[in-house]
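*Asks:* Per the working numbering: the sequence shown = residues 263 to 372. Starting off with a structure, shown below.
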Amino acid sequence: MCGDETATAAEAPLLGARTHDVFLNADAYWRNIPESVWDFTIGGYQVLKKWLSYREQPLLGRALTTAEVRYFRDVARRLAALRPMGSELDANDRACAAANHPIRAAESRA
263 MCGDETATAA EAPLLGARTH DVFLNADAYW RNIPESVWDF TIGGYQVLKK
313 WLSYREQPLL GRALTTAEVR YFRDVARRLA ALRPMGSELD ANDRACAAAN
363 HPIRAAESRA
């Protein structure tokens, strides 16, 4: 990954101040992946980086298909759309957990 860029003033509060260009090879890359999207983790793993690591050419024995390249782009876009909603999603998750698991919710407050 290389080719860092700075986000516009309007984008910075939502997705971070920096973006990255993620290179697939010398000719193909994804441009302006927000830093918070590139750094987004689930289970301790960077989602986009991990997805790419499982699809390296030596591992697959082939280059990525056009559909796989589009899929990566779409996942990055979805993560970018979800990032600004993070606190609302967390609050909704807590409310749903409290409504459906009142004993566990009470234990977590204690």
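Virtual Cβ for every residue (Gly too), placed ideally from N, Cα, C. Please read these numbers as outputs of a predicted model, since none were measured by experiment.
Is it true that the segment 343–353 meets the segment 309–328, where meeting means three or more beta-carbon pairs spaced less than 8 angstroms apart?
*Replies:* Cβ pair count under 8 angstroms is below three, so no.
*Asks:* Short check: CB of Ser298 to CB of Leu314, under 8 angstroms?
*Replies:* Translated into the one-based positions of the sequence shown, residue 298 becomes position 36. Translated into the one-based positions of the sequence shown, residue 314 becomes position 52. Cβ atoms of Ser298 and Leu314: not closer than 8 angstroms.
*Asks:* How many angstroms separate the CA atom of Arg332 from the CA atom of Tyr291?
*Replies:* Locating residue 332 in the sequence shown gives position 70, where the first residue counts as 1. Locating residue 291 in the sequence shown gives position 29, where the first residue counts as 1. Cα to Cα, Arg332 sits roughly 11 angstroms from Tyr291.
*Asks:* Ordered along the chain, which non-local residues of its own chain (more than five positions away) have a Cβ less than 8 angstroms from that of Arg317?
*Replies:* Numbered from its first residue, the sequence shown carries residue 317 at position 55. The answer, listed in chain order, is Leu326 and Glu330.
*Asks:* So what does Thr327 bridge to, in DSSP terms?
*Replies:* The sequence position of residue 327 within the sequence shown is 65, counting from 1. According to DSSP, Thr327 bridges with nothing at all.
*Asks:* Rounded to the nearest angstrom, what separates Gly305 and Gly323 at their Cα positions?
*Replies:* Indexing the sequence shown from 1 puts residue 305 at position 43. Indexing the sequence shown from 1 puts residue 323 at position 61. The straight-line gap from Cα to Cα measures roughly 27 angstroms.
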